[in-house]
Every structure is written in C-alpha cells, then in structure tokens.
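Below you'll find the structure, written out as structure tokens, and then a few comments.
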Amino acid sequence: MLRIPGMPLLPGTLFRDVNKVYYPKSQSLLNFRGIPMLSDRLQSTAVDPAGVVVDISCPPAQAQALYPPRTGPRLPPWLAYDKKVLSFKAYFKQTLQENFHAPYMVRNVKIYYYLEDGTLDIHEPKVENSGIVQGCVLHRQRVPKPPPCDNEFLSIVDLNVDKTVQIFDRNYHIYDCDPFTRSFLNKHGIVVPDPVSAAVDPAEAVRKRGQARASAPPEKRHPFAQFLKYDRQILKFQAYWDDRTDMGDVRKLEVCYYLADDTIEVKEAHIRNSGRDGPSMFLKRGRLQREFDGMLLPGQQTPVTLLNVLGSSRNVRYCVDPLNLGNKEILYYSQRDLQIGSVLNVYGRAVVITDMDPFTRQYYRDHYGIEQFTPLPQPTRSDVCAPYDKSGRMLPPYNGWGSYEDSAGNCMSIVIKRPKTDFRKFIKYDRYVLRFGAKMLSTIRENCERIFVISYFLSDDTMQVQEVAVRNSGFLGGEFMKRTRVLMPGQEKFSCKQPVYYRPCNFFIGGTMSIKDFIFHLVSADEFTLMYMEHHPEQFAHTNVDEILEKIRKALEPRMSDFVSSCVPDCADLDKKMEQNAVFVSFESLKGALVALMGNTISDHEIITICRHFSGEQAPPNACARDKVLAAAHLEIKRSLWNGRDELMEHFHHINPTNKPFMPETQVRSTLRGFRMPFTLELIDNILSVLNRNDCDDIEVCDLMNFIDVSCFKGCDMPPINYAFELCPKLPFQYKGRVIDFGCLLKALNLPLNLPASQS
C-alpha cells in the first residue's frame, strides 16, 4: 500500500501498489536433512525487493541517511527500532498574571521521541503541592513543524540539546538528554552539545523561601504545653503601694506571677492592728495590661471592624475591614518586666517590687543570668507601730493550776488546745531509761541510810524515784515520787518565765540533786546507763574521755612522779613492765591518787569513765563443755537420721583439693549450713567454738569430721534442752573497771614520768 506524504491515515489516502507481484506466505513445514518436520523457528519475514529497505545503522523515516544505504539487515522500521525511544529534558515558561513576586513560572518536561514511527509525547513530572495539573502534556502523535514548514513533521534532526523547539505554539527549550539518546545521535553523525543549566524558576525560589521559613518556624506558644511544663510554678515578689494620703498608708503587697498561663495575682499583707482584717485579695488573678487609660466603652473593643452595611432590611450585606485597622493591640506584663525596682501599673496604682523569694531568684539566675538581687527598702509612716515580736511577749505569771504549758495555752488562744508532744522523740527514745543509785542527804541520821533509785525517761524528760526496802529500817520502800518532770532548783515557781527542768546532762555519779525539797547524792548507775552515756559524750561532759584526759594532763604535769609513786609504789623497772603490758593497778589506788592530787576538780563519774576505758580485765574462758556439745550434736543427728557424712567429706575434698588440715571458720560454717545438717544456728556456733584451731584461728577439718561421727563415740545420754541458752550460757562480758591497765593510761597521758634515777 502506498501513502501520500503529509496526509493523515484515513480511508481514501492509501493506494494499492500495482508494481507489487510477490505475495509470500508463511511456511509451517520444512525438510531438514531429508526429514520432514514442523517448523517452529522464527524466521525473518521476506521483504519485497521493490519495497522500502530499513537499515539498523540508518536513521528512521524522514531523516536523510548519512551512510550508504542497504548496508545493514533488511528489516522494517517498526521492527528495527522497536522499543527504542529518545528522551530529552526540556522546559517552557508559563506567564503568571496575578503573581507580582514572579512574572513567569518554569515548568520542566520530558520529550520522548519514538524511532519506530517518528511520533513523540511530552510528560511533566509531578511536583508535590505545586497547585497545577501535571502529567501528560501532549499525547503520542506526529507533531508538525511550525509554519511555513507545517507540511512536514518533527524528526530527530530537529531535537537536540540547547535547542528550542516550537510544538503547537509553545516553545520548549531542551537542556539535556539521557545517555542512550546521546550515544544514538552520535553514532548517526549528529553532534550533541554538553548539557546546559535549566532556567531558574522565580516562582520556585519564592516557594523555597516559604518552605525554609516553614522548616524553622518560631517557637509556638501553645497554652496547654506551657501549662504542663510550668504547672504549680509561681514567681513571688514582695512589693508595696505608697498610698500615703490623709487617710492612707503604705500597703505591703505580694505579687504572684503564674508561669502556667502568664497571669498575675496581687495579695495584701495586713499589718497587725491596721484595721484591715478583710480579704487579702488586692487584684484577682488575670493578665495585667501595661497601659490602662480607663475602661473601654461598649463597641470600642470588638473582634472585627465593620465598615459599611449594604442592602435593604431583607437583603443585608456587611463590609468588614480585612486589615482591622481600628483595632488597638493590647500589651500585657510578662516575666521579663518583673524585677527588683520595677514599677507595675496596676490599673492606675504604682506598685514597686522590692524583693523576691529564693525560687524566683534561682529562676531568673538560670533563665536570664541575673546575679544581683539586692532588696529595696520600703517606706514607712511615722505613726505606724513597730512589728509585733512573739519572742518578747510576756505572759501572765503561772497560777499553779496544771502545768506551765497548760497556763500558757490559755493565754495564747481562746480555744484551749492540748500541749503538743514531740512524737519523734518519743518513738526514738521509747523505753530508754537512765537509772542511778542515790542516797538522801539529811540532818536525820535514819534518812541518810535510805537507798533510792532515780529513773530518768529520755522519751519525755520525766523522772521517777523508787525507794529500796531495807529490813528493820522503819521505811516500807516502793514509790517515793511519781513519774513527772522536776524543776531545777533556784527558780521562782509563780513567774512569767518558762521554767527549766532537769535534763540528762545534769545526771552524773557524784552529783547532787534537789527533788521536791529533798537532796539526793548520786552514788552509782547501772550498766546500760554507763554505756549510753559513754556512747554519747557530746551530751554528757563527764563521759568525754578526751576532755577528761586533757584535764588530768594539765593537773598532773608538774606532779607526775608523785602520781606514779602513789599508784605503783614499786617503780623499779617500770619502763620494762610497760613494754610488756604488765603494769596494772586497782580502782581504789587510781581513784585515791587522782582525788589526792586533783581534789574536787574531778568527779567520781569521770574517774569511773577513765577506769572503764583503760580497763585491764580479761574476758573469762569459754564456758562450753566439749562433752555436752558432743552429746547434743549426736542427739540431733540420731533424731533426724542424718547420714550424709560421706557426702560432706567429699565436698570438703572438692573445696580443699590440696587437703589442707585447717580451713577458715566462715567456709566451714557455710558448708554446714549448705548441707542442711540438723543443727540450729546456736548449736553450730557451739560446735565451732569447741573444735581445735591453729594460730590463725582456722578450724581443723579432721576434728570436725570425727566430732560428727556417731559410730566412733558413744556419747553421753542427754535430755533435749534449749541450745540457745542452756547448753553454753553466753553472758556478755562487762568491763567494770576494777583493774586498770596503768601502762595504757600513761601512754595516753603522754607525760614525762620524772622518776628518780634509782627507780627509773
């Protein structure tokens, strides 16, 4: 079929070729090497010799060949250039009429030229949020050239880099192509220039500037986020309002700035007897304006400004000012405006800030770097009375009814309240009782022989006196004074001053006390009292060892030789004995020497403290009998039918591979407990205490294994007993201070002995 150039592919434009005489048909059978078979090979279609010949190395239709024709395979164009497309990058400018920021907009497109039939199409890549319709700009078709050559179509010769092509009254400027297009055109002798830069789109530049501003937006002050961050955080300032007129004075105010919502609240601190006992609210919580010119009239403050009203009563139209020119911006006080010395305009009242609380100072120091917080003085009037001082208040004298605290409570408030007790002190010192033995000092001889026990309760500072009954003394004994607080002597009972009661520091051995007009002399104390006082030397001065040694050192420095001679009459080889720690003296000798040299400057309690501190007494030997412990252990093993001795020996070999004869006590104890032997913790302690040990205090393993072997020892029959108390009585050793290590005492004093040459 023949086609007229320039005519569309419509009926009537195609003509039959009368010169064509060869009409081949496809062959489905073939004879291959003498064997007839079905042909399934794809053979090239025969081409009419008189028809059009296509060479792969030659350009497509309507492009003049640059090489000799008929040099390649004889294929049709639709097969030779199947799926081969030339891609060009181009742009065109679109005029913008209503945008004064950019006169035009550059739109990038891609031009695809199909080699098989000489058609092309244009596509515009989609840009997100561009606001225009993008995609296919021109559907695939053959595009005619602009006039006066409008009878021809665009070909590959018309498309090249850095070239402007007019397609349907729109100019496309090509600035780049893909690698296949560049290689294809170069092979066919068409020179392709280097890529050029695309035109700058002014609309895109404006859009990028907007995106840049949107990418780094200013901090958004969201009210709810601010509330969550600064809830319950308040900046408090001390301020005043000077209203010193004929009937006014200086008002003391407290300004509270709430960080959660930037509101301000002002409270008034009423001065005592100022006549203002009403509400203390000076300004209700809310945002405070910087400038206040008076209350606005109705209609002056509206959300929008109405310019005109158009239309009749039924069809009314309103004209609103879009710029809102008549609206006045209202400025409010913020945290930056509140500083020491700032003056706030509280609706016409000048409030001066003078000081701030510690939290506010730290807040301004962290956020604004302010370090100077010097408070300002507040003005006062001459007729204002001095501030009330509760510490200098004089109460009426005590009337004798109830305790002093009860009478003071009647004077402090109209509603009588029970005096508060120190509950923490009660919980801490509950059942802590200091007991002292005392004798009564009296002109009556019988009273001097009476024995008393004075108990001091640390939980509430009360005292109780009990009398010890003595046969044929004429006194029954029992409670001498009920538990109560006792006043110190020398105080006026019915006085305005708060009375002073006996404290723990007033008790010490050798002191005297006046209780209910009876004089008692403290002569002894129990072991708990002495230990408690020695463990708290900061409360009891007579048990402070360092102070006592310093006092003795100052008194004995010039008479050290006399002191040593009175304590140790035989001073020969004293230095050698001190090196061997073999110098001991009795309590009576040391006490007599100290009293003789120091007199009344040292108390009996201080002497007892020194003797207990340098005590030379030794703990008694262990009271556990090996036979009793052995019988108790065998009894428990037989009662529980325990037979794990071999496993225990194997475990000892495992943890002691070198078979050392002795092992540490902690390791042996953990092994016995880990094997779940039928022994209580007290019985295990008793067993370990009677086993053989070496110089390093390690336990002999063989002795332990023989100790628990029931077959080797018959053991003595023993009834079940309480192993915690009855088997080995464990009474703690108490250092009474009856024997003193005199060598340690002399080393602590660190004074020269100054002994004669014959004795040293």
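Residue numbering for the sequence shown follows full-length UniProt numbering, beginning at 1 and increasing consecutively.
Ideal placement from N, C-alpha and C gives every residue a C-beta, glycine not left out.
Same chain, Cβ closer than 6 Å to residue i, five either side skipped, listed in chain order
i: Met598; result: Ala555
i: Leu185; result: Val192
i: Pro125; result: none
i: Leu683; result: Tyr723
i: Lys84; result: Leu115
i: Ser459; result: Phe426, Tyr429 and Asp430
i: Tyr398; result: Tyr404, Ser407 and Phe494
Where residue i falls: helix, strand or coil (DSSP)
i: Ser640; result: helix
i: Glu344; result: In the sequence on display, residue 344 carries Leu and not Glu. The answer is strand: DSSP assigns Leu344 an E or B state.
i: Gly478; result: strand
i: Cys505; result: helix
i: Tyr236; result: Looking at the sequence itself, residue 236 is Lys, so the reference to Tyr does not match. Three-state result, Lys236: strand.
i: Val191; result: coil
i: Met356; result: strand
i: Ser412; result: Contrary to the premise, residue 412 reads as Met rather than Ser in this sequence. Correct three-state label for Met412: helix.
i: Leu745; result: helix
i: Lys252; result: strand
i: Gln667; result: helix
i: residue 764; result: Nothing can be reported for residue 764, as the shown portion of the chain is limited to 1 through 760.
i: Ala205; result: helix
i: Phe675; result: coil
i: Ala212; result: helix
i: Ser495; result: coil
i: Leu630; result: helix
i: Ile271; result: coil
i: Asp262; result: coil
Buried or exposed (CB count within 10 angstroms, at least 16 for buried), residue i
i: Phe423; result: exposed
i: Met356; result: buried
i: Tyr257; result: buried
i: Met677; result: buried
i: Ala46; result: With a pLDDT of 42 at Ala46, under the threshold of 50, the predicted position of this residue should be treated as unreliable, and no value is reported.
i: Phe241; result: Inspection of the sequence shows that residue 241 is occupied by Trp rather than by Phe. So Trp241 ends up on the buried side.
i: Ser615; result: buried
i: Glu606; result: buried
i: Val346; result: buried
i: Val52; result: Because Val52 carries a pLDDT of 41, less than 50, the predicted location of this residue cannot be relied on, and the following value inherits that uncertainty. By the neighbour-count rule (16 or more Cβ atoms within 10 Å), Val52 is not buried but exposed.
i: Leu338; result: buried
i: Met412; result: exposed
i: Asn686; result: buried
i: Asn544; result: buried
i: Gly737; result: buried
Sequence-distant residues of the same chain with beta carbon closer than 7 Å to residue i, five excluded per side
i: Ser87; result: Lys110, Tyr112, Cys177, Asp178 and Thr181
i: Gly644; result: Phe675
i: Phe518; result: Met440
i: Gln27; result: Ser39
i: Glu588; result: none
i: Met481; result: Gln464, Val465, Ile515 and Lys516
Own chain partners of residue i with C-beta closer than 8 Å, once the 5 adjacent residues on each side are dropped
i: Cys702; result: Pro661
i: Pro193; result: Asn160, Val161 and Asp162
i: Ser280; result: Lys267, Glu268, Ala269 and His270
i: Ile190; result: Ile156, Val157 and Asn160
i: Thr529; result: Leu434, Arg435 and Phe436
i: Glu700; result: Pro661, Phe662, Leu691, Asn692, Arg693 and Asn694
i: Tyr532; result: Tyr432 and Leu434
Residue i - partner residues in DSSP beta bridges
i: Gly135; result: Glu124
i: Met463; result: Tyr456 and Thr484
i: Asn31; result: Pro36
i: Asn171; result: Gln166
i: Trp78; result: Beta-bridge pairing links Trp78 to no other residue.
i: Gln94; result: Met105
i: Gln378; result: Beta-bridge pairing links Gln378 to no other residue.
i: Pro144; result: Phe153
i: His521; result: Lys439 and Thr512
i: Ile687; result: Note: Ile687 sits in no beta bridge, so no partner.
i: Gln289; result: Tyr332
Whole-Å CB distance - residue i paired with residue j, under 8 Å assumed
i: Asp243; j: Arg251; result: 6 Å
i: Thr360; j: Ala239; result: Thr360 to Ala239, Cβ: 12 Å. No contact.
i: Val710; j: Ile637; result: 6 Å
i: Phe520; j: Ile444; result: Between Ile444 and Phe520 the Cβ distance is about 14 Å, and since that is not below 8 Å, they are no contact.
i: Glu467; j: Phe457; result: About 18 Å separates the two Cβ atoms, so there is no contact after all.
Min CB distance residue i to chain B below 9 Å
i: Gln378; result: Structure shown: chain B not included; a single protein chain is present.
Heavy atom of the ligand MG within 8 Å of residue i beta-carbon
i: Gln491; result: The ligand MG is absent from the structure shown, which contains no ligand whatsoever.
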